[in-house]
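Visitor: One structure is given below, represented as structure tokens, and several questions about it will come after.
2 protein chains.
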Amino acid sequence: MSTKYKRGSFQLMKSMNRSTILNMIREEGPISRADIAKKTKLTPPTVSNIVKELISTQFVIETTQGMSKGGRKPTLLEINADQFYTIGVDVGTTQMKFVITNLFGKLKSHTTLTIPPFPSHEDILSIMKKGIRELMDGADLNKFLGIGVGMHGIVDPEEGRSLFAPAFQLHDIPIRDVLENEFNMIVKVENDARAMTLGEYWFGNGNDADNMLGVNVGNGIGAGLMVKGRLFHGEHNLAGEIGHITIDLSGPKCNCGNYGCLQTLAAGPAIAERAKKELKAGRPSLIHELVDGDYDKVDGQKVYEAATQQDPFSIELLHQTGRYLGIGLTNLIHTINPKRMIIGGGVSGAGEFLMRGIEETIQSRGLTDKAKETSIVLSKLGEHASAIGACVLVLEEFFIRQE
Amino acid sequence: MSTKYKRGSFQLMKSMNRSTILNMIREEGPISRADIAKKTKLTPPTVSNIVKELISTQFVIETTQGMSKGGRKPTLLEINADQFYTIGVDVGTTQMKFVITNLFGKLKSHTTLTIPPFPSHEDILSIMKKGIRELMDGADLNKFLGIGVGMHGIVDPEEGRSLFAPAFQLHDIPIRDVLENEFNMIVKVENDARAMTLGEYWFGNGNDADNMLGVNVGNGIGAGLMVKGRLFHGEHNLAGEIGHITIDLSGPKCNCGNYGCLQTLAAGPAIAERAKKELKAGRPSLIHELVDGDYDKVDGQKVYEAATQQDPFSIELLHQTGRYLGIGLTNLIHTINPKRMIIGGGVSGAGEFLMRGIEETIQSRGLTDKAKETSIVLSKLGEHASAIGACVLVLEEFFIRQE
DNA sequence: AAATTTTTCTTAAATTCTGAAAAAAGACTT
DNA sequence: AAGTCTTTTTTCAGAATTTAAGAAAAATTT
């Protein structure tokens, strides 16, 4: 049994307290030293000493004075939010999104570049460099703490590599090494669904759900698992590959070779496929007009658009999709039992339409009342969730004690 | 976000080191102080001081001297395995098993009592007390560290209660309070699948798999999740209720009301059901003889027996069951991605026959080579796995730093 | 018998938290 | 307006514990 043999030391003690205080300021600030001492059960001198250090690193500043409660006014402490920025990249199947956020995850600027079909390793890396350079242009380099990359497919976060990107059919892209070399700052790489989850946990709808799960529904379906406030990767970084869990043995064939994978029933292409079939069979729908009779143009996006315009067929189709997704999510409730699940990714625009089916299914299939109580919410960060989450990868380095 | 605000203190530092050293002795002993210092990166005096304390608590003893490597012979340290005992209880659907183990999880004695049909709260608790009293009879009370209980159904380990035991249709049995009151020692209560998993992790086939999963296949199917060496419960202690994950939307109806739950395809009753159907249809099999034509007597057990005697029908039936189970396990690989899965519970006797189907399915359905590498092994602790795991619940209190 | 290696113990130094109390700043009372 | 009380923050001595360095002890090798 490899209960990693952790050693207690002065350094550990200090870094735990540093991290605790810094995060308390981040999450509950503005807050006074005295309040921190009360809440952490650290003594006032300890808090004062560490705060002094934090102020000297410029992560924390003293702001306004607070209201007195009958004595000396407290000096309030706050994260120096705009002193440092982080860069986040979200590598999708056709687009690469770039964002700059401050220490509170607030979007400062963003841009998007297009990925050509059948890109090479070099294509991906040079688009990445280009986008980052563009975004950083003119700014003070010292302001940037690092770069985070959220990438679809299988990623090795420890080595900072994309091991396999299905949409590009590329293996083993050494993202971290290349970017670190180019920009000379910390670079973190993570799977996009996990990045999204992390983003929602820190700055989105994940708040106060220590055990939660982000579900990224787009061309495929991926999830990020949050266990005790940290991302969970599994043994080979495959945790959360829920697009390929089997929910219907006699379901449609998946590109992975099996039948009835969740994503053959609930991902974007599955929606488009079902829509096409019905449309060709003459089913009346607004989609006919949207694509002008060219069924090849039907995709998830078109269905959402039609649904937004109250097209009954599209609404029903998304409802049905929500029910399928709900079955997958119910399986997750019975496996992981998270406090909350956050639905994001390409479909999150159509989230409301999916939601009803999801909720219905969980209510009908959940094993117990507690299972049915699992809160399901839509992404708050929307289309930038993965990129903002990628920024959090960098923030974690500075805010969370690394063990 | 509730990143629990942990405070670093001298006590914490000390207790971390204490726990580290104690566990190193447990897992790697006999071992010398010098070796512990090397491996933990603690300094020799720190190790010596803590070891002195551990010896004074009688958990550790100096044993033989080791081989010298060219200098003074090392004094080897070992867990004082038989200085203390723990009591483990496994509450099944028809039987309650009781074991006494030493600090190495070694079985010292055991007994089994029968649970009557439709038991009341009081029945369960009094059988429990009776079995424990019987087993402790005559022994020195100071030898016992505590009592652990593994109970099927939904359990609240924090409150030490069985929230719902489906086999008895009982709610809210206050096991811990009653036993603590009766025996005046630490009492821990946990779900049986989780207890089994913990047992295998400490003393069975879980060794060195920090992220692993124990699967208990009996009348139902339950799993225990091990994350970073500790049991994972989920938000409402429902994590691992994998008997009710849907794998076949058009599968058989489950007693939970849904269709195609894993346990309608792969648990004991499902095996019996399929066997009966085929037998009644005239399928030749050794089972006919085993039950003497009375199909009501057919259960999982009979099928295993027949398989053991090379009955082709039973072997094929278990093979098929293994394939179903494999689908469930593949879903878990793609969700949790554990390093290892351990199959135990009522069916573990028939494990070999299931294994082939499980392996086949994982090989054919695993998403990547890494997924296919997941090691699947049978329980080492067999029928006592849950009860021994229940003992570990108590050992954790003494060996693992509680935070 | 001397040199070397390994284990263990001793002592002093370093790090960090803790507790008591003082200082600072403001609010309330008379 | 002065004095007293509260609250916040800092200061400083003391305590807990690890760390570093060296010495003693014991066994093996030369």
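From first to last, the protein sequence lines stand for chains D and V.
In terms of this note's numbering, the first sequence opens at residue 1 and continues consecutively.
In terms of this note's numbering, the second sequence opens at residue 1001 and continues consecutively.
No residue lacks a Cβ here, since even glycine has one placed at the ideal position from N, Cα and C.
Could you work out which residue in V:Gly1088, V:Thr1093 and V:Phe1059 is closest to V:Asp1082 when comparing CA atoms only?
Guide: For the residues V:Gly1088, V:Thr1093 and V:Phe1059, the minimum Cα distance to V:Asp1082 belongs to V:Phe1059.
Visitor: Just to confirm my understanding: we take V:Tyr1201, look at its own chain, exclude 5 residues before and 5 after, and list those with CB closer than 7 Å. What are they?
Guide: Excluding residues within five positions, the ones whose Cβ falls inside 7 Å are Met1212 and Met1226.
Visitor: Would you list the one or two residues that DSSP bridges to D:Ser68?
Guide: Paired residue(s): none; D:Ser68 is not in a bridge.
Visitor: Using only alpha-carbon positions, find the residue among V:Gln1363, V:Lys1372, V:Glu1305 and V:Thr1368 that is nearest to V:Val1347.
Guide: Per the Cα distances, V:Glu1305.
Visitor: Provide the residue span of the alpha helix (DSSP H) that contains D:Ala34, from first to last.
Guide: Per DSSP, D:Ala34 belongs to the alpha helix (DSSP H) from Arg33 to Thr40.
Visitor: Whole angstroms are fine: how far does the CA of V:Gln1011 sit from the CA of V:Lys1038?
Guide: So the alpha carbons of these two residues sit roughly 23 Å apart.
Visitor: Counting Cβ pairs, one atom from each stretch, are 3 or more of them under 8 Å apart for the stretch 1168-1176 of chain V and the stretch 1108-1127 of chain V?
Guide: Verdict: yes, contact present.
Visitor: In this structure, how does DSSP classify D:Gln320 when only helix, strand and coil are distinguished?
Guide: It is helical.
Visitor: Quick one: residues in its chain with C-beta nearer than 7 Å to the C-beta of V:Gly1214, no 5 flanking neighbours on either side, listed in chain order?
Guide: Ala1193, Met1196, Thr1197, Glu1200, Ala1223, Gly1224, Ile1342 and Gly1344, listed in sequence order.
Visitor: Quick one: is V:Ser1375 buried, meaning 16 or more other Cβ sit within 10 Å of its Cβ, or exposed?
Guide: V:Ser1375 should be labelled exposed.
Visitor: By a C-beta neighbour count over all protein chains shown, 10 Å radius and 16 as the cutoff for buried, is D:Thr86 buried or exposed?
Guide: Counting Cβ neighbours within 10 Å, D:Thr86 comes out buried, since at least 16 surround it.
Visitor: Measuring CB to CB, does D:Leu107 end up less than 8 Å from D:Met96?
Guide: Cβ atoms of D:Leu107 and D:Met96: not closer than 8 Å.
Visitor: For D:His171, return the contacting residues in chain V, with the cut-off set at a CB-CB distance below 9 Å.
Guide: Correct list: empty, because the minimum Cβ distance to chain V is about 11 Å.
Visitor: Return the bridge partner residues of D:Ile127 from the DSSP annotation.
Guide: DSSP lists no partner for D:Ile127.
Visitor: Out of curiosity, what's the CA-to-CA distance linking V:Ser1285 and V:Phe1313?
Guide: When rounded, the distance between both Cα atoms is 6 Å.
Visitor: What number of angstroms, rounded off, separates the C-alpha of D:Ala385 from the C-alpha of V:Ile1315?
Guide: Using only the alpha carbons, I get a separation of about 51 Å.
Visitor: Report yes or no: is there a C-beta of chain V within less than 8 Å of the C-beta of D:Val443?
Guide: Residue 443 of chain D lies beyond the stretch modelled for chain D, which goes from 1 to 403, so this question has no answer here.
Visitor: What residues are listed by DSSP as bridge partners for V:Glu1062?
Guide: According to DSSP, which records beta bridges pairwise, V:Glu1062 is partnered with V:Leu1077.
Visitor: V:Ser1009 versus chain D: which residues are under 8 Å apart at the beta carbon?
Guide: Here the neighbours are Met13.
Visitor: Quick check on D:Met67: buried or exposed, where buried means 16 or more other Cβ atoms within 10 Å of its Cβ?
Guide: Exposed is the call here.
Visitor: Just to confirm my understanding: we take D:Asn102, look at its own chain, exclude 5 residues before and 5 after, and list those with CB closer than 7 Å. What are they?
Guide: Counting only Cβ-Cβ distances below 7 Å, and skipping sequence neighbours, we find Ala81, Asp82, Tyr85 and Lys108.
Visitor: At least one CB of chain D closer than 8 Å to the CB of V:Ala969: is that the case?
Guide: With chain V represented from 1001 up to 1403, any question about residue 969 of chain V goes unanswered, as that position is not in the structure.
Visitor: Taking only runs that begin and end inside the stretch 1145-1204 of chain V, name each unbroken beta strand (DSSP E) of 3 or more residues, in chain order.
Guide: Runs of the beta strand (DSSP E) inside the stretch 1145-1204 of chain V: 1154-1156, 1161-1165, 1170-1173 and 1186-1191.
Visitor: How would you label V:Asn1181, buried or exposed, when you count the other beta carbons within 10 angstroms and need 16 or more for buried?
Guide: Exposed, because fewer than 16 other Cβ atoms sit within 10 Å of the Cβ of V:Asn1181.
Visitor: Which value, in whole angstroms, describes the spacing of the CA atoms of D:His121 and V:Glu1278?
Guide: The alpha-carbon atoms of D:His121 and V:Glu1278 are separated by roughly 56 Å.
Visitor: Can you list the residues of chain V that D:Gly234 reaches, using a CB-CB cut of under 8 Å?
Guide: Under the 8 Å cutoff, chain V gives Asn1211, Ile1336, Asn1337 and Pro1338.
Visitor: Applying the 10 Å Cβ sphere with the 16-neighbour rule, what's the burial state of V:Thr1361?
Guide: Buried, since its Cβ has 16 or more Cβ neighbours within 10 Å.
Visitor: Which of the three DSSP states is assigned to D:Val298 in this structure?
Guide: Three-state result, D:Val298: coil.
Visitor: Between the alpha carbons of V:Ser1002 and D:Gly229, how many angstroms are there, rounded?
Guide: In this predicted model, V:Ser1002 has a pLDDT of only 42, less than 50, meaning its place in the structure is not dependable enough to derive any value.
Visitor: Whose Cβ in chain V lies nearer than 7 Å to the Cβ of D:Leu42?
Guide: The answer, in chain order, is Arg1007.
Visitor: Would you verify that the beta carbon of V:Ser1379 is, or is not, closer than 8 Å to some beta carbon of chain D?
Guide: No, because no Cβ of chain D sits closer than 8 Å to the Cβ of V:Ser1379.
Visitor: Between D:Ala195 and chain V, is any beta-carbon pair separated by less than 8 Å?
Guide: Taking Cβ atoms only, chain V never reaches closer than 8 Å to D:Ala195, which makes this a no.
Visitor: Look at the alpha carbon of D:Arg7 and the alpha carbon of D:Gly146, and state the distance between them as a whole number of angstroms.
Guide: Those two C-alpha atoms are separated by around 29 Å.
Visitor: Kindly list, in the order they appear in chain V, the residues whose Cβ is closer than 9 Å to that of D:Ile247.
Guide: Simply Ile1245, Thr1246, Ile1247, Asp1248, Leu1249, Gly1260 and Asn1331.
Visitor: Please list, in chain order, the residues of the stretch 1271-1291 of chain V that have any C-beta partner in chain D closer than 8 Å.
Guide: Answer set for the stretch 1271-1291 of chain V: empty.
Visitor: Taking 8 Å as the CB-CB limit, is D:Lys38 close to chain V?
Guide: Cβ-Cβ to chain V under 8 Å: no for D:Lys38.
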